[in-house]
Each structure stands twice: as structure tokens, then as C-alpha cells.
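Engineer: This structure is in C-alpha cells; I'll ask about it shortly.
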Amino acid sequence: WSREELDRRDAALSTTVGADHSSRETLADYGNHRFRFLYRDADGRPEQHDQIIDVVIVHSGEGTLLVGGQMLNPTGNSDTGEYLGTGIEGGERYPLGPGTVLHIPAGLPHSFLVPEGQHLTYVLVKFPAP
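In my numbering, the protein residues as written are 177 to 306.
Right, here's the structure in full:
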């Protein structure tokens with residue numbers, strides 16, 4: 177995807193933000209891995225994927241990725257290893273801006289934090305952990 181194509185998608189997603197302060201689309205699905213494009217205009221809920229690795233490539237905006245630590249009040253499905261929480265205690269914070277690339281190993285809680293009045297868009301590559 178060219179920068180221009182992602183800019184067009186960024187603008188389109190900014191008009192369809194839901195109650196969870198995000199909008200997303202699948203760019204491509206290859207069966208065992210997929211590319212998604214996400215727009216956020218506020219903090220996301222903490223999540224954890226026990227069997228999925230995430231690679232994040234920031235396109236626009238700014239924010240912070242909080243990763244690691246202990247997820248608070250996790251709910252989800254132990255069969256799929258997918259969980260959402262209400263917060264993360266501890267962890268490391270990584271600043272995000274255009275061009276930032278991050279690898280989030282399977283099994284680590286993580287949350288995208290977006291300053292008030294700002295937004296963050298990123299390509300997310302999801303693939304199974306070995």
C-alpha cells in the first residue's frame with residue numbers, strides 16, 4: 177500500500193469511528209496472517225492474544241504503546257487465548273509516531289494510548305505464534 181493509499185484510507189476511517197474510539201478495516205487476509213488498518217482517537221482497551229503476534233507500523237498521529245505488566249480484570253476465552261481488560265499495571269511505554277515499527281510477542285498485555293484531541297493510525301500485521 178502506498179502512502180497515498182493509506183492517507184485516503186486514514187481519512188475514510190476517521191469518519192467511521194465507533195463507540196470504542198476506533199475504526200478498522202482488513203487490508204488483506206492470507207489465511208494464517210492478515211494486515212489490518214486501524215484509526216484510534218482515544219485510548220484502546222488493554223488486550224492480550226496468547227497465540228497471535230502483532231507487528232505495528234505507525235502511519236500517522238501520535239500515541240504510546242503500553243506493553244507487558246499485568247492485565248487488570250481480564251475477560252475472554254481461554255480456548256482462543258483472546259482477552260480484554262480494564263487496565264494494565266506496570267509494563268513498558270513506547271512512544272509512537274509515523275514510521276515507528278513495533279513487535280508485540282504473543283501473550284503480552286498491550287494497550288494503545290492516544291492523547292486527548294489526537295489520533296493514531298497504524299497497519300497491524302497479525303500472525304500465529306510458532
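The beta carbon of each residue, even a glycine, is placed where N, CA and C say it ideally should be.
Within 10 angstroms of the Cβ of Gln224, are there 16 or more other Cβ atoms? Answer buried if so, exposed if not.
Structural biologist: For this step, residue 224 is matched to residue 48 along the sequence shown. The residue in question, Gln224, is buried, as its Cβ has 16 or more Cβ neighbours within 10 Å.
Engineer: To the nearest angstrom, how far is the alpha carbon of Gly324 from that of Thr262?
Structural biologist: Missing from the structure shown is residue 324; the chain here goes from 177 to 306 and no further.
Engineer: With 16 as the cutoff for other CB atoms within 10 Å, does Asp205 come out buried or exposed?
Structural biologist: By one-based count along the sequence shown, residue 205 stands at place 29. Flag for Asp205 reads exposed.
Engineer: Taking the alpha-carbon of Asp230 as reference, which of Pro281, Val290, Phe288 has the nearest alpha-carbon?
Structural biologist: The count along the sequence shown starts at 1 and reaches residue 230 at position 54. That would be Pro281, whose Cα lies nearest to the Cα of Asp230.
Engineer: Which residues bound the alpha helix (DSSP H) around Ala187?
Structural biologist: Within the sequence shown, the letter at position 11 stands for residue 187. Here the alpha helix (DSSP H) through Ala187 covers 179-189.
Engineer: Against chain B, with Cβ distances strictly below 8 Å, would Gln224 count as a contact?
Structural biologist: This model lacks chain B altogether, as it is built from one protein chain only.
Engineer: Here's the rule: buried if 16 or more other CB atoms are within 10 angstroms of the residue's CB, otherwise exposed. What is Thr202?
Structural biologist: On the sequence shown, position 26 is the one that residue 202 refers to. With fewer than 16 Cβ atoms within 10 Å of its Cβ, Thr202 is classed as exposed.
Engineer: Restricting to Cα atoms, I'd like to know which of Pro304, Ala305, Phe303, Val299 is closest to Phe213.
Structural biologist: Position 37 of the sequence shown, counted from the start, is the residue given in the question as residue 213. Of the listed residues, the one whose Cα sits closest to Phe213 is Val299.
Engineer: How many whole angstroms separate the CB atoms of Gly283 and Asp217, which I take to be in contact at a CB cut-off of 8 Å?
Structural biologist: Counted from its first residue, the sequence shown places residue 283 at position 107. Counted from its first residue, the sequence shown places residue 217 at position 41. About 28 Å; that fails the 8 Å criterion.
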